[in-house]
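Novice: In the working numbering, the protein residues as written are 2 to 508. Before we start, here is the structure in question, set down as structure tokens.
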């Protein structure tokens, strides 16, 4: 630390020879990373924001100066092990203007589910790099013994932990850059153990895919605060609009200024983009703009079902097995009751047949009596037919009355309640439908239907040509209160995931 202070003091006193240079924070200047290589901002982003499995390269030219240009280059491969963990390995070259750090990075992330759609995510970045002086324009006088001004050649290992609480699509994160460091070279190279950088982030992903017909589309605002030693605390905001074909982003940082960037994805695998940042503060207006370039290659497409309905694909196998057993037991009890009812009906029918046989034997004794019985039977049949016809008419009238009542029902949508209403839909009778999922891709739709059937459910679906989506629903109800009760009770304990209500009002 003493050596670093002496070096900075000397640079300051010789500024008339070198011309005045901007002193910038020694962090990685990664505040614009919101989609690729985002684990450099917070290690836990290697699980989702990095879009694993992918290989990404990011570079930043600070103020685009030719000599002594503070630059950062980060190449990283992210691999998703399962729904709870991911790992990454990367190469980092970071020029702070004073030191040039060149080395590697290992990233690991693990998520702990707490409740439905709530999880705590832990991650860490481990950096190992060689540290040398980046600016060698000043050559010390050999007759002056100042060991603090000699070039360093230290190998530094840094440990940077992170944590993030995720509730649905909202995230609250914190990271400590350089929480621990070790100088493995054993020389007097500068140690940065007292140069910890604290970063706090707030973000939320707004899923807009169902409205745009692109399941991967989302809007992600990010607010952050960075506490950097010997510098003013930075605060800023970033906004990212991302689709499967392109992305647009913009932001503001209290030190570096405003930024804007865009990119495109080719053949669903290769993403290329750029960003420009302009200083708007008086002390930075003489500096040129900062340039960033990003490239990423995706080795596999992530399951988008989570983005569509907000659920994790992985389930607790023991709980799922218990629910399946409960469903099987319920089905068995229904079959027993149905068989009992069938046996009672057969017994009644046999008794009726026997009674008719005895009656016919009696009729055979007298032709007159037989004719009378036939006439009586005909009257009975006529009455029965009349009753059946009346019942059918009554049933039809009830159905018409039910449809009329369905049309007249007024629905007040509650706060944060997802609800959609249409006048009519092809092939659907009026009512309230409990929707489990919506798909624009046939493969994901068929896979989801098969998953529900394996869980013992009886899902049904319909296709809407207006938006070209397949809707999967669990049940239809006559009233909004019945539909809400089924939704709030998780289909009475039979379906644990989120559902919403789709109403066909009827013309």
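Glycine included, each C-beta is placed from N, C-alpha and C at the ideal position.
Taking only runs that begin and end inside the region 367-447, name each unbroken beta strand (DSSP E) of 3 or more residues, in chain order.
Specialist: For the region 367-447, whole beta strand (DSSP E) runs of length 3 or above, ordered along the chain, are 420-423, 432-440.
Novice: Taking the beta carbon of residue 239 as the centre, do at least 16 other beta carbons fall within 10 Å, making it buried, or is it exposed?
Specialist: By the neighbour-count rule (16 or more Cβ atoms within 10 Å), residue 239 is buried.
Novice: Can you find at least 3 beta carbon pairs, one from the region 176-185 and one from the region 46-59, that sit closer than 8 angstroms?
Specialist: Judged by Cβ distances under 8 angstroms, the region 176-185 makes no contact with the region 46-59, as fewer than three pairs qualify.
Novice: By a C-beta neighbour count over all protein chains shown, 10 Å radius and 16 as the cutoff for buried, is residue 73 buried or exposed?
Specialist: Per the 10 Å Cβ criterion, buried.
Novice: Please report the distance separating the alpha-carbon of residue 410 from that of residue 422.
Specialist: Whole-angstrom Cα-Cα distance: 12 angstroms.
Novice: Just verifying my parser: in three-state terms, what is the DSSP assignment at residue 167?
Specialist: In this structure, residue 167 counts as strand in the three-state DSSP scheme.
Novice: Where residue 436 and residue 484 are concerned, what is the direct C-alpha to C-alpha distance, given to the nearest angstrom?
Specialist: Those two C-alpha atoms are separated by around 10 angstroms.
Novice: Considering only DSSP beta bridges, list what residue 274 is partnered with.
Specialist: 264, 295.
Novice: Tell me which same chain residues have a C-beta within less than 6 angstroms of the C-beta of residue 128, skipping the five on either side of it?
Specialist: Result list for residue 128: 106, 159, in chain order.
Novice: So residue 456 packs on residue 325, CB below 8 angstroms; how close in whole Å?
Specialist: Indeed they touch by this definition, with Cβ atoms about 6 angstroms apart.
Novice: Per DSSP, residue 1 is paired with what?
Specialist: Absent from the model: residue 1. The displayed extent of the chain is 2 to 508, so no value can be given.
Novice: Chain B beta carbons: is any one of them nearer than 8 angstroms to that of residue 448?
Specialist: Absent from the structure: chain B. Only one protein chain is present.
Novice: Residue 211 lies in the alpha helix (DSSP H); which residues open and close that run?
Specialist: That run of the alpha helix (DSSP H) goes 210-213.
Novice: Count the other CB atoms within 10 Å of the CB of residue 349; is the residue buried (16 or more) or exposed (fewer)?
Specialist: Under this definition residue 349 is an exposed residue.
Novice: What does residue 235 pair with, by DSSP beta-bridge criteria?
Specialist: 227, per the DSSP bridge assignment.
Novice: Per DSSP, what kind of secondary structure is residue 46 in: helix, strand or coil?
Specialist: Three-state DSSP puts residue 46 in a helix.
Novice: Please return the same chain residues whose Cβ sits closer than 7 angstroms to the Cβ of residue 294, not counting the five positions on each side in sequence.
Specialist: The answer, listed in chain order, is 60, 275.
Novice: Around the C-beta of residue 438, are 16 or more other C-beta atoms found within 10 angstroms, so that it is buried, or is it exposed?
Specialist: By the 10 Å Cβ count, residue 438 comes out buried.
Novice: Strictly by DSSP, which residues pair up with residue 155?
Specialist: BP columns for residue 155 point to 132.
Novice: Enumerate in chain order the residues of its own chain whose CB-to-CB distance from residue 247 is below 8 angstroms, with the five nearest sequence positions on each side excluded.
Specialist: 263, 264, 265, 266, listed in sequence order.
Novice: Under 8 angstroms between the Cβ atoms of residue 165 and residue 200?
Specialist: In this structure, residue 200 does not lie closer than 8 angstroms to residue 165 by Cβ.
Novice: With DSSP run on the structure shown, which of helix, strand or coil describes residue 326?
Specialist: The answer is helix: DSSP assigns residue 326 an H, G or I state.
Novice: Would you report the Cα separation of residue 280 and residue 449, rounded to the nearest angstrom?
Specialist: Their backbone Cα atoms lie some 49 angstroms apart in a straight line.
Novice: Would you kindly work out how many angstroms separate the C-alpha atoms of residue 328 and residue 458, rounded to a whole number?
Specialist: Cα to Cα, residue 328 sits roughly 9 angstroms from residue 458.
Novice: Thinking C-beta only, is residue 79 closer than 8 angstroms to residue 124?
Specialist: No; because the gap between Cβ atoms is not below 8 angstroms, this pair is not in contact.
Novice: Taking only three categories from DSSP, how would you classify residue 34?
Specialist: If DSSP states are grouped into helix, strand and coil, residue 34 belongs with coil.
Novice: Once DSSP output is grouped into helix, strand and coil, what is the label at residue 82?
Specialist: If DSSP states are grouped into helix, strand and coil, residue 82 belongs with coil.
Novice: May I have the straight-line CA-CA distance separating residue 314 from residue 452, to the nearest angstrom?
Specialist: Bear in mind that a pLDDT of 44 at residue 314, under 50, signals an unreliable position, so the number given afterwards is only what the model happens to contain. Taking the straight line joining both Cα atoms gives about 11 angstroms.
Novice: Is residue 208 closer than 8 angstroms to residue 224 when the C-beta atoms are compared?
Specialist: Going by C-beta atoms, residue 224 is not nearer than 8 angstroms to residue 208.
Novice: Are there 16 or more other CB atoms within 10 angstroms of the CB of residue 8, so buried, or fewer, so exposed?
Specialist: Below a pLDDT of 50, predicted positions are generally treated as unreliable, and residue 8, at 42, falls in that range; no measurement from the model is reported.
Novice: Counting only the same chain and skipping the five closest in sequence on each side, list residues whose C-beta sits under 6 angstroms from that of residue 22.
Specialist: Bear in mind that the predicted position of residue 22 carries a pLDDT of just 44, short of 50, making it unreliable; the figure below should be weighed with that in mind. The answer is none, since no qualifying residue turns up.
Novice: Where DSSP assigns a beta bridge to residue 177, which residues make up the other side?
Specialist: For residue 177, which the question treats as bridged, DSSP gives the partners 199.
Novice: I'd like the list of long-range same chain contacts for residue 396, defined as Cβ closer than 8 angstroms, with 5 residues on each side in sequence excluded.
Specialist: Nothing listed; no residue qualifies.
Novice: Can you find the residues in the same chain that come closer than 6 angstroms, C-beta to C-beta, to residue 495, ignoring five residues on each side of it along the sequence?
Specialist: Closer than 6 angstroms at Cβ, skipping near neighbours: no residue.
Novice: Reducing DSSP to helix, strand and coil, say where residue 61 ends up.
Specialist: Residue 61: strand per DSSP, three-state reduction.
Novice: Per DSSP, what are the beta-bridge partners of residue 120 in this structure?
Specialist: Answer is 114, 167, bridged to residue 120.
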